[in-house]
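Numbering (our numbering), first residue to last: -9 to 412.
Notes follow the structure.
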Amino acid sequence: MVGVRGHQMCKTKSATATAAAPSSMARSSAATTTPTATAHGRRSPRGTNGTHPTSFSTSSAAALSTSSSSAASSLQALKDSLPDLPLLLTFAELAAATKNFSPAHRLAPGSSNSFRCALRGHPAAVFRRALRRDPAEVSARLAVLGHCHHAAIARLYGAAASPDGALFLAYELVPGAAPLSSLLRGANNPSFTPLASWHSRLRLAADACDALSYVHLQAGTVHNRLSSSSVLVCGQGALLRAKLAHFGSADLAGELPDDDDGDKEGRHRRTGSRGRRIEGTRGYMAPELIAGGSPTRRSDVFALGVLLLELVSGQEPVRYELNKATRDYERTSLIESAAAAVAGGGEGGMRQWVDRRLKDSFPVDAAEALTTLALQCVSKDPGARPDMSWVAAKVSKLFLEAQDWADKFRIPTDISISMAPR
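Next comes the structure, spelled out in structure tokens:
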């Protein structure tokens, strides 16, 4: 039922324009026939030479001109409303756009599965995925997913299958965007982050939650790619916003089960193939995925919970640190350290655990509330994890409270001091 509802809610303006176009054409047709009916319904006077008076010829020409103009406007409006993307692209078109996937078009140095190019005038990012479904099914799913749009989701432009059985997905190339992971943990200067305010982190958390809620409820699918690397941050200063990348990737590539109704009740089931490759990112994969289960909305919620903990602490989901006493590397889990911080209390455990680059400029009770919510999302039992609609509402409320808190403690900037003598 979710998939059907999602398909209905994802109807684009092109469908609306198509439905509205006949009405416009009918009005245009009526405008065309009205002068004719008037002319035949009443005997028109004729001049001495047997022709119609000049006044009738002028009005008739004006009516026909108006009718033609209206019809042309309706057709142009219909044409403009039809989406040029997404498309079922050809592999040859992608190969030409990326110069046969040359290193010069790679999206990141050393990456052989992501490229940048221009598709029909649109800057695009192209990703290569293993295709695990019938290529004929891709077009049907693309027609549904491609018509789903959200401000916090990078738009899907199109897809193409290669001769060797791979799937290439094209998305909008968000200008000036950087992965959230690079902003939280910069390699060059780990002590600096542009996300130095509690308000900015809550805004990104709210954007990510809204996007994933849309994926689950309106698009009716599973993301299965959520991590701090797949959340793109764009804008500057107080205008930083987040966009979720790789929307529809798992669905189009055939990584999802045909029906996940049972998963919504907290159950997970294994796929039929014992040799199925586990898709996911270390630290974000739910226990049932590691055990061989299929991706579900519940496993997405688990990954989101890890992402929320990252935003609060600035730490990686899993890291290995050298124990100077034993000279062994010890594994540190972000989930375990978050649970210990909440158990330790607000002023003690939480203040020590929250990212120090926030410089204690955050409400401790709000940080504890968000951490507690994230720990619910990463519950080992899939059935104990909340739905995304509930999580998005809670995070949205915390974001509004963060706005009020920032306004209350903002340093005044409209104060002027004069040093001139009186």
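Don't be surprised by glycine CBs; every beta carbon is placed ideally from N, CA and C.
Closest Cα partner of residue i within the set the options
i, options, result
"Glu311", "Gly304, Val302, Ser303, Thr322", "Thr322"
"Leu121", "His140, Ala133, Ser152, Ala144", "Ser152"
"Leu207", "Cys138, Leu174, Ser218", "Cys138"
"Ala156", "Leu194, Asn103, His189", "Asn103"
"Arg110", "Thr80, Asn313, Leu97, Gly100", "Thr80"
"Arg106", "Ala126, Leu84, Ala315", "Leu84"
"Leu325", "Met378, Ala94, Leu298, Leu170", "Note on identity: in this sequence residue 325 is Ile, with Leu being the wrong assignment. Ile325 has its Cα closest to that of Leu298, out of Met378, Ala94, Leu298, Leu170."
"Arg272", "Ala243, Ser239, Pro307, Arg287", "Pro307"
"Tyr147", "Val221, Leu194, His189, Ser239", "Ser239"
"Gly270", "Arg309, Gly227, Cys224, Val212", "Val212"
Rounded distance between the beta-carbons of residue j and residue i, thought under 8 Å
i, j, result
"Glu162", "Ala114", "7 Å"
"Asn214", "Asp124", "Not a contact, Cβ separation roughly 19 Å."
"Ser219", "Ser181", "Not confirmed; about 21 Å, so no contact."
"Val344", "Ala357", "5 Å"
DSSP state of residue i mapped onto helix, strand, coil
i, result
"Cys107", "strand"
"Phe292", "helix"
"Glu306", "coil"
"His112", "strand"
"Arg231", "strand"
"Pro169", "strand"
"Ala149", "strand"
"Glu245", "coil"
"Phe117", "strand"
"Gly283", "strand"
"Leu297", "helix"
"Leu174", "helix"
Residue i versus residue j - alpha carbon distance
i, j, result
"Asp200", "Glu320", "36 Å"
"Leu78", "Asp154", "17 Å"
"Ala232", "Ala87", "27 Å"
"Ser284", "Asn179", "38 Å"
"Asp397", "Pro353", "13 Å"
"Gln342", "Ala177", "23 Å"
"Arg346", "Ser92", "42 Å"
"Lys370", "Pro277", "7 Å"
"Arg191", "Arg375", "23 Å"
"Ala443", "Asp394", "Because the chain here runs from -9 to 412, residue 443 falls outside it and cannot be looked at."
"Pro165", "Pro99", "18 Å"
"Ala331", "Leu229", "31 Å"
"Leu246", "Asp350", "42 Å"
"Val302", "His140", "25 Å"
"Gln305", "Val296", "10 Å"
"Pro169", "Gly373", "30 Å"
"Pro184", "Leu174", "8 Å"
"Ser150", "Ala382", "According to the sequence as given, residue 150 is Ala; it is not Ser. Roughly 33 Å between the two C-alpha positions."
"Leu222", "Ala160", "16 Å"
"Arg118", "Gly334", "45 Å"
"Phe292", "Gly282", "16 Å"
"Lys314", "Tyr274", "28 Å"
"Arg317", "Ser327", "22 Å"
Residue range of the unbroken alpha helix (DSSP H) whose run includes residue i
i, result
"Lys398", "378 to 399"
"Glu162", "Per DSSP, Glu162 belongs to no alpha helix (DSSP H); it is in the beta strand (DSSP E), 156 to 162."
"Arg191", "188 to 207"
"Thr362", "354 to 367"
"Arg131", "125 to 135"
"Ala85", "81 to 87"
Residue i, enclosing beta strand (DSSP E) - first and last residue
i, result
"Ser323", "318 to 323"
"Val344", "Segment: none, Val344 is in no beta strand (DSSP E) and carries neither H nor E."
"Leu222", "221 to 224"
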